[in-house]
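K.L.:
Below: one structure in structure tokens.
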Amino acid sequence: MLACCSVSRTIQRNGHPALKLLENISFFVEQGATLAVLGASGAGKSTLLRLLNRLDEPSGGQIMLAGKNTAEIDARQLRRKVGMVMQRAYLFPGCVADNIRFGPAQFGQTMTDAEIAGLLEQVGLAGYEQREAHTLSGGEAQRVALARALANRPQVLLLDEPTSALDEEAKQGVEQLLLSVVQQDRLTCVWVTHDRAQARRVGQRALLLSEGRVIADGSLDEVLGA
Amino acid sequence: MVRSMRSWVLNYLVHSELTRGIAQAATVAVFVLLTAWFAAQRGAASIGEIFVAVTRAIVQILVVGLLLVILMKTPWWTAIPVLAGMIVAAATIAAKRAPEVPRTFQITLICICAGAGTTILVMTALGIIDKQMRMLLPVGSMIIANTMNIAALYLNRFVGEIRSHIGELESAIALGAAGDTAALPYSRAAFRASLIPAIDNLRSLGIVWIPGIMAGMVLSGSSPLYAALYQFVVLGMIFISGSITSITASQLLPRNIFNAREQLLIRDAVEE
Chain A
0 MLACCSVSRT IQRNGHPALK LLENISFFVE QGATLAVLGA SGAGKSTLLR LLNRLDEPSG
60 GQIMLAGKNT AEIDARQLRR KVGMVMQRAY LFPGCVADNI RFGPAQFGQT MTDAEIAGLL
120 EQVGLAGYEQ REAHTLSGGE AQRVALARAL ANRPQVLLLD EPTSALDEEA KQGVEQLLLS
180 VVQQDRLTCV WVTHDRAQAR RVGQRALLLS EGRVIADGSL DEVLGA
Chain B
0 MVRSMRSWVL NYLVHSELTR GIAQAATVAV FVLLTAWFAA QRGAASIGEI FVAVTRAIVQ
60 ILVVGLLLVI LMKTPWWTAI PVLAGMIVAA ATIAAKRAPE VPRTFQITLI CICAGAGTTI
120 LVMTALGIID KQMRMLLPVG SMIIANTMNI AALYLNRFVG EIRSHIGELE SAIALGAAGD
180 TAALPYSRAA FRASLIPAID NLRSLGIVWI PGIMAGMVLS GSSPLYAALY QFVVLGMIFI
240 SGSITSITAS QLLPRNIFNA REQLLIRDAV EE
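Rendered as structure tokens:
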């Protein structure tokens with residue numbers, strides 16, 4: 000479903016030598032499976048997700064989605080198919096319903112009130128449509144961010160440490176919610192985490208990065224140790 | 000009596016108009032540097048930077064004074080290349096507010112041409128600005144200087160807004176938004192902020208300040224009522240040109256910080 004073939008990313012900075020952020024990254028995620036991406040801070044985990052959503056451009060290699068090179072897909076259409084939930088929710092000003100409508104509206108589609116209510120129910124926030132985004136707690140905001148990404152009906156969901164900015168109680172709730180949504184919607188998922196225990200709970204396979212390179216790729220036991 | 004008391008110190012030392020001017024400028028420059036020194040002590044500014052700015056201002060204005068002596072004797076149309084040169088200089092200065100934005104000079108040049116150029120052209124054609132060197136040059140330069148400030152304010156605020164809302168902006172892009180749609184709230188904030196000085200000038204006209212043109216016209220013997228009306232005309236033109244500049248910037252700049260794949264071009268090279 001989603002594959003990276005020798006993907007690299009190098010950035011040029013004025014007055015500094017070129018910086019290699021990712022080098023020769025290759026992996027494959029099957030339809031409906033979750034790949035846990037692990038690594039220390041600065042290993043290139045978020046950079047990898049940004050390339051998959053095409054917020055940035057790879058310097059080399061290919062990213063394939065359902066057998067098609069993503070470089071050949073219109074960037075906006077690709078982002079619709081490859082949803083992303085960031086570490087922080089970054090909700091837009093306005094109410095919860097406005098946030099959820101945002102994605103489909105970019106493609107000229109209007110969501111019905113029932114569709115919005117259904118998504119909010121799915122993320123455990125039934126009745127939150129008119130709540131102002133800035134009044135939500137961290138956990139609630141992250142649930143809205145998930146509903147906002149799901150509103151685009153993505154095939155792939157990229158999760159960039161989605162629970163790391165939350166307190167313990169909210170962390171468990173959001174993790175369980177994400178797991179149930181991914182399973183229920185049979186989403187292909189790339190879940191970035193620095194927490195090995197979380198990687199074991201959420202992934203079927205794991206990818207370990209260090210300094211922009213793949214150190215290990217395989218089953219959870221192979222990568223994380225039995 | 001009061002006037003003679005006020006100018007007593009300088010008149011005591013200097014007698015000719017030019018030497019008096021030099022003495023006045025030098026006195027003010029000393030106070031500017033003193034103020035800069037106090038600001039530098041509190042980390043608010045660099046004294047070296049202010050010293051260069053003051054020196055540059057004195058040299059520039061003296062050169063302009065000498066040029067004006069020559070220009071006032073030339074036909075009105077010689078104002079055109081002079082004003083065009085001022086527009087290019089203004090665009091260069093305003094562009095320095097956001098060096099990280101690609102093609103900033105072209106954008107500020109288009110914005111200032113659209114705002115100041117169009118206003119000066121239309122107002123001269125309508126006879127509101129007299130087709131005379133002594134009117135075209137000072138009024139034109141005032142309009143250009145204000146559009147430069149507005150373009151610089153817009154750029155500065157817009158880039159600041161983008162930097163402080165990069166998460167929201169990229170969340171919108173990640174959901175499939177076009178770059179200019181994602182940047183719209185920040186472009187609006189920059190538009191509002193850039194016009195605050197022009198609006199405040201209109202609002203406070205005559206109450207907080209009596210601007211230079213009116214004072215100059217009264218001193219040169221014009222009717223105070225006509226001088227007051229013309230001052231409104233000048234501020235109105237400044238507002239019009241400023242608004243056009245800011246509107247043009249808000250049309251051009253948001254599009255310019257993204258590439259064709261809607262990827263943000265001014266994102267810091269810091270990842271993770």
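Chains as they are written, first to last, in numbering that gives the first Met the number 0: chain A, 0 to 225; chain B, 0 to 271. Cβ atoms here follow ideal geometry from the backbone N, Cα and C, with glycine treated the same way.
1. Looking at the unbroken alpha helix (DSSP H) that takes in B/I134, where does it start and where does it end?
2. Mind checking if B/R162 is an interface residue toward chain A, Cβ cutoff 9 angstroms exclusive?
3. Name the DSSP beta bridge partners of A/H15, please?
4. Who are the neighbours of B/T180 on chain A, taking C-beta pairs under 8 angstroms?
5. Which of the three DSSP states is assigned to A/G102 in this structure?
6. With 9 angstroms set as the bound, which would you pick, yes or no: does the beta-carbon of B/P184 sit closer than that to a beta-carbon of chain A?
7. What would DSSP say about B/E271, mapped onto helix, strand or coil?
8. Counting only Cβ pairs nearer than 8 angstroms, list the residues of chain A close to B/I172.
9. Whose CA, out of A/N98, A/G31, A/V28 and A/E210, lies closest to the CA of A/R142?
10. How about A/G217 and A/G43: do their beta carbons lie closer than 9 angstroms?
11. Given that a residue counts as buried once 16 or more other Cβ atoms are within 10 Å of its Cβ, and exposed if not, what is A/N13?
12. Return the bridge partner residues of A/E131 from the DSSP annotation.
13. Which bits of chain B does A/G102 rub up against, with CB to CB less than 7 angstroms?
14. Would you kindly report the start and end of the unbroken alpha helix (DSSP H) that includes B/C112?
15. Check whether chain A comes within 9 angstroms of B/L263, counting only Cβ atoms and requiring the distance to be less than that.
16. What does A/F91 reach in chain B if we use C-beta pairs closer than 9 angstroms?
17. Excluding the five sequence neighbours on either side, which residues of its own chain have a C-beta within less than 6 angstroms of the C-beta of B/P253, listed in chain order?
18. Alpha carbon to alpha carbon, how far is A/H133 from B/I46? Give it in angstroms, no decimals.
19. By the criterion of Cβ-Cβ separation under 8 angstroms, what are the contact partners of B/R260 in chain A?
20. Here's a check: name, in chain order, each residue in its chain whose Cβ is nearer than 7 angstroms to the Cβ of B/A150, leaving out the five neighbours to either side.
21. When DSSP labels each residue in this structure, what does A/A164 get in the three-state scheme?
22. For the region 19 to 34 of chain A, enumerate the residues whose C-beta is nearer than 7 angstroms to any C-beta of chain B, in chain order.
23. Could you pull the DSSP bridge partners for A/M63 from this structure?
24. Establish whether the CB of A/R152 and some CB of chain B are separated by less than 9 angstroms.
25. In the DSSP assignment, find the alpha helix (DSSP H) that holds B/T18 and state where it starts and stops.
26. Identify which residue in A/G93, A/R200 and A/T162 has its Cα closest to the Cα of A/Q182.
27. Below 9 angstroms on C-beta distance, what does A/M85 contact in chain B?
28. Sort B/I165, B/A171, B/G211 and B/I79 by Cα distance to B/I119 and report the nearest one.
29. Less than 9 angstroms between CB atoms is the rule here; does A/G82 satisfy it with respect to chain B?
30. Does the region 196 to 212 of chain B come close enough to the region 85 to 101 of chain A that 3 or more CB-CB pairs lie under 8 angstroms?
31. Does the Cβ-Cβ distance between A/L1 and A/T187 come in under 9 angstroms?
32. Could you give the distance in angstroms between the alpha-carbon of B/T146 and the alpha-carbon of B/T77?
33. Restricting to Cα atoms, I'd like to know which of A/R79, A/F27 and A/G202 is closest to A/G66.
34. Given 8 angstroms as the limit, is there contact between the region 51 to 63 of chain A and the region 115 to 129 of chain A, that is, 3 or more CB pairs closer than that?
35. Taking 9 angstroms as the CB-CB limit, is A/A65 close to chain B?
36. Using a Cβ-Cβ cut-off of 9 angstroms, state whether A/R212 counts as contacting chain B.
P.N.:
Well, looking at it:
1. Reading off the sequence shown, one finds Met at residue 134 of chain B, where the question assumed Ile. Going by DSSP, B/M134 is part of the alpha helix (DSSP H) stretching over M132 to S163.
2. B/R162 does not count as touching chain A.
3. Residue pairing by DSSP places A/H15 opposite A/R12 in a beta bridge.
4. Chain-order list of chain A residues neighbouring B/T180: Q105, by C-beta distance under 8 angstroms.
5. Residue state, collapsed to three classes: helix.
6. Nearest CB-CB separation between B/P184 and chain A: below the 9 angstroms threshold.
7. Its pLDDT being 37, under 50, B/E271 is placed unreliably by the model, and nothing is read from it.
8. Within chain A, the residues near B/I172 are L54 and R78.
9. The residue with the shortest Cα to Cα distance from A/R142 is A/N98.
10. The Cβ-Cβ distance between A/G217 and A/G43 does not fall below 9 angstroms.
11. Exposed is the label assigned to A/N13, since fewer than 16 other Cβ atoms lie within 10 Å of its Cβ.
12. The partner list for A/E131 (beta bridge, DSSP) reads A/C94.
13. Result: L174 and G175.
14. B/C112: not part of any alpha helix (DSSP H); DSSP gives it neither H nor E.
15. Taking Cβ atoms only, chain A reaches closer than 9 angstroms to B/L263, which makes this a yes.
16. Those within 9 angstroms of A/F91 in chain B are E167, S170, A171 and P184.
17. Spatial neighbours of B/P253 in its own chain (CB-CB distance under 6 angstroms, excluding positions within 5 residues in sequence) are listed in chain order as D179, A182 and S186.
18. A straight line joining the alpha-carbon of B/I46 with that of A/H133 spans about 42 angstroms.
19. Correct list: R53, E56 and A74.
20. Within the same chain, B/A150 has close Cβ partners A93, T107, C110, I111, T244 and A248.
21. Note: A/A164 maps to coil in three-state DSSP.
22. Those would be L20, in chain order.
23. Within the DSSP bridge table, the entry for A/M63 names A/A2 and A/N68 as partners.
24. No, its Cβ sits nowhere closer than 9 angstroms to a Cβ of chain B.
25. Per DSSP, B/T18 belongs to the alpha helix (DSSP H) from E16 to Q40.
26. The residue with the shortest Cα to Cα distance from A/Q182 is A/R200.
27. Ordered by position in chain B, the residues that pass the 9 angstroms Cβ test against A/M85 are G166, E169, S170 and A173.
28. Per the Cα distances, B/I79.
29. Nearest CB-CB separation between A/G82 and chain B: below the 9 angstroms threshold.
30. With a cut-off of 8 angstroms on Cβ pairs, the region 85 to 101 of chain A is not in contact with the region 196 to 212 of chain B, counting fewer than three such pairs.
31. Closer than 9 angstroms, so yes.
32. For B/T146 and B/T77, the distance between alpha carbons rounds to 22 angstroms.
33. Each of A/R79, A/F27 and A/G202 was checked against the Cα of A/G66, and the nearest Cα belongs to A/F27.
34. The region 51 to 63 of chain A, when compared against the region 115 to 129 of chain A, does not touch it at the 8 angstroms Cβ threshold.
35. By this cut-off, A/A65 is not an interface position.
36. Not a single CB atom of chain B sits nearer than 9 angstroms to the CB of A/R212.
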